[in-house]
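The sequence shown begins at 495 in the numbering used here and counts up by one.
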Amino acid sequence: MNQHYDVVIIGAGPAGTACALALQGSGLRVALVDRKQFPRDKICGDAIPSPALKAIRQLSQAWYDELFELTTKAETRNSRLVAPNGTEIVVQWKARTFNSPRLHFDQHLLSMVKRHTKTEVLENFGVKRLEISAQQATVFPSAQAAPLTAALVIGCDGANSVVARQLTNRTLDRTRQCAAVRAYFTGLSESDEQTSEFFFLDEYRSGYFWIFPVGQGVFNVGFGMLSAQIAARKLDLKQVLRHLTQTHPRLATRFAQAKQLSDIQGFGLPLGGVQRPISGARFLLAGDAAALIDPLQGHGIDKAVQSGILAAQQAVRCFQTHDFSAAQLFEYDRQVQTHIGKKLARSYHLMHFLSAKAWLVNGAFRFGRHPLIKNLLLKAVG
């Protein structure tokens with residue numbers, strides 16, 4: 495027998511859990527499904543941007559406070575940015591934030607859903623296909639289990655979203671796609687638990703190298719760049735990461751005594767900044783499934799949380815009007831464009847401008863040391 499819900503959320507990462515939390519008190523019967531069993535690793539840079547935490551705070555001060563009770567995290571106060579010529583800028587952030595391995599952060603969010611909402615959570619529930627009819631949406635599992643039906647499906651299932659692939663005409667555009675690799679290290683010299691570091695490199699302009707503390711003396715170390723440039727130059731990002739840690743003059747000495755704790759693993763980043771279909775009759779997309787990664791900084795957890803909350807608000811509007819048509823759901827596209835999309839478009843253009851020539855980055859850093867210019871740059875970057 496089919497199990498029927500008002501809303502089925504596919505994917506229990508930050509977008510899906512934020513959506514479920516935002517639907518608390520709506521009176522709707524909600525299922526949150528994920529193909530994995532939690533806790534599970536998610537390959538990522540592990541930086542949790544402060545807007546993600548602020549969005550949770552708008553839902554509940556208690557939930558915001560609870561997120562800071564994570565046992566594995568590094569409360570980051572500063573960002574250290576290094577230009578290709580070695581010029582440095584250190585930014586001291588006023589907003590409270592932290593870095594945490596997604597293994598722990600995502601598990602913490604899901605535990606909040608289980609404890610604070612009536613959402614039915616189904617783990618180890620892979621989705622094979624979806625069908626949309628005038629009456630309902632049907633979610634067919636990849637395993638031998640009963641399908642789920644719902645009035646509305648919200649796809650929060652990441653960069654390789656099954657929902658997006660099956661219900662939209664999305665194609666791969668390498669000019670709006672990044673790829674990255676990361677590994678965990680301990681024993682780095684000249685590093686601390688409160689500073690995230692970004693290195694912009696002359697030889698790899700459309701990307702950056704990072705060192706992010708994640709707590710307990712462990713650092714998330716990675717490198718990412720625009721997929722079009724990776725393909726044009728036939729780069730192996732795993733080899734690039736090894737080469738940088740072993741030979742780069744500003745990095746090699748810091749990694750000389752370091753111990754690598756994990757394999758180097760890769761992930762894709764669908765960049766925002768262009769309007770794509772993220773809704774249709776009886777479905778919405780949020781987070782990476784909606785391609786809402788910041789093109790300049792490469793992070794998407796804040797946009798995932800924000801869009802998950804916007805998706806929940808749209809779901810409530812649909813049930814209030816009993817209208818699940820594409821026209822009604824397009825209001826969600828407008829809300830995402832207003833609150834998220836415009837900034838992503840600015841970030842995309844700024845990324846292309848700065849990656850054109852190394853001297854542009856060096857010049858921005860040189861002028862950026864002036865307090866007034868620094869504040870303007872920070873406002874532009876976010």
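Cβ coordinates follow ideal geometry from the N, Cα and C atoms, glycine included.
Taking the Cα of Met-606 as reference, the smallest distance to any Cα among Thr-566, Asp-667, Pro-508 and Tyr-702 is reached at Pro-508. From the listed residues Ala-514, Val-501, Val-502 and Leu-682, the smallest Cα separation to Lys-608 is found for Ala-514. A Cβ-Cβ contact shorter than 8 Å links Arg-776 with Ala-645. DSSP places Trp-704 outside any alpha helix (DSSP H); the residue lies instead in the beta strand (DSSP E), whose first and last residues are 698-709. One Cα belongs to Ser-573, the other to Ala-628, and the distance between them is close to 50 Å. Secondary structure note for Gly-510: it is in no beta strand (DSSP E), and the uninterrupted alpha helix (DSSP H) holding it is 508-516.
With a beta-carbon spacing of about 16 Å, Lys-797 and Gly-762 fall beyond the 8 Å limit used to define contacts. The distance from the Cβ of Leu-786 to that of Leu-844 is about 17 Å, inconsistent with a contact at the 8 Å cut-off. Counting of Cβ neighbours within 10 angstroms places Ala-556 among the exposed residues, the total staying below 16. Going by beta carbons, Val-502 and Val-647 fall inside the 8 Å limit.
In terms of CA proximity to Val-799, Leu-547 leads the group Lys-837, Leu-522, Gln-497 and Leu-547. Ser-683 sits close to Arg-748, with the two beta carbons spaced by under 8 Å. Taking all protein chains in view, the Cβ of Gly-802 is crowded by 16 or more other Cβ atoms within 10 Å, so the residue is classified as buried. In this structure, the alpha-carbon of Glu-617 lies about 37 Å from that of Lys-588. Under the 10 Å beta carbon count, Lys-567 is surrounded by 16 or more other beta carbons and is classified as buried.
Taking a 10 Å sphere around the C-beta of Thr-511, we find 16 or more other C-beta atoms and assign the residue as buried. Your pair Arg-676 and Gly-539 checks out as a contact, with CB atoms roughly 6 Å apart and the cut at 8 Å. CA-to-CA, the gap between Gln-829 and Leu-745 works out to about 42 Å.
Where Leu-646 is concerned, the enclosing beta strand (DSSP E) starts and stops at 642-649. By the criterion of a C-beta distance shorter than 7 Å, Arg-860 is surrounded in its chain by Thr-581, once the five residues flanking it on both sides are discounted. A direct Cα-Cα distance of roughly 28 Å separates Tyr-842 from Ala-820.
Sequence-distant Cβ neighbours of Leu-522 in its own chain, meaning closer than 6 Å and more than five residues away, are Asp-500 and Val-501.
Distances from the CA of Ile-724 to each of Arg-596, Cys-672 and Phe-706 were compared; the closest alpha carbon is that of Cys-672.
Phe-703 is positioned such that its CB atom lies no closer than 8 Å to that of Asn-714. Put simply, the region 527-534 touches the region 585-602. At least three CB pairs are less than 8 Å apart. Secondary-structure assignment with DSSP links Phe-761 through a beta bridge to Ala-674.
By the neighbour-count definition (other C-beta atoms within 10 Å, threshold 16), Gly-711 is an exposed residue. For Ser-544 against Val-708, the beta-carbon gap comes to about 16 Å, at or over 8 Å, which does not count as contact. Contact annotation: Leu-778 and Gln-814 have beta-carbon atoms that are not nearer than 8 Å. Phe-679 and Leu-755 do touch by the CB rule: their CB atoms are close to 6 Å apart, below 8 Å. Considering only Asp-667, Ser-690 and Val-621, the residue with the shortest C-alpha distance to Val-657 is Val-621. Beta-bridge partners of Arg-574 (DSSP): Val-584 and Glu-691.
Secondary structure of Val-615 (DSSP, three-state): strand.
Counted as a single uninterrupted DSSP element, the beta strand (DSSP E) harbouring Ile-503 occupies residues 497-504.
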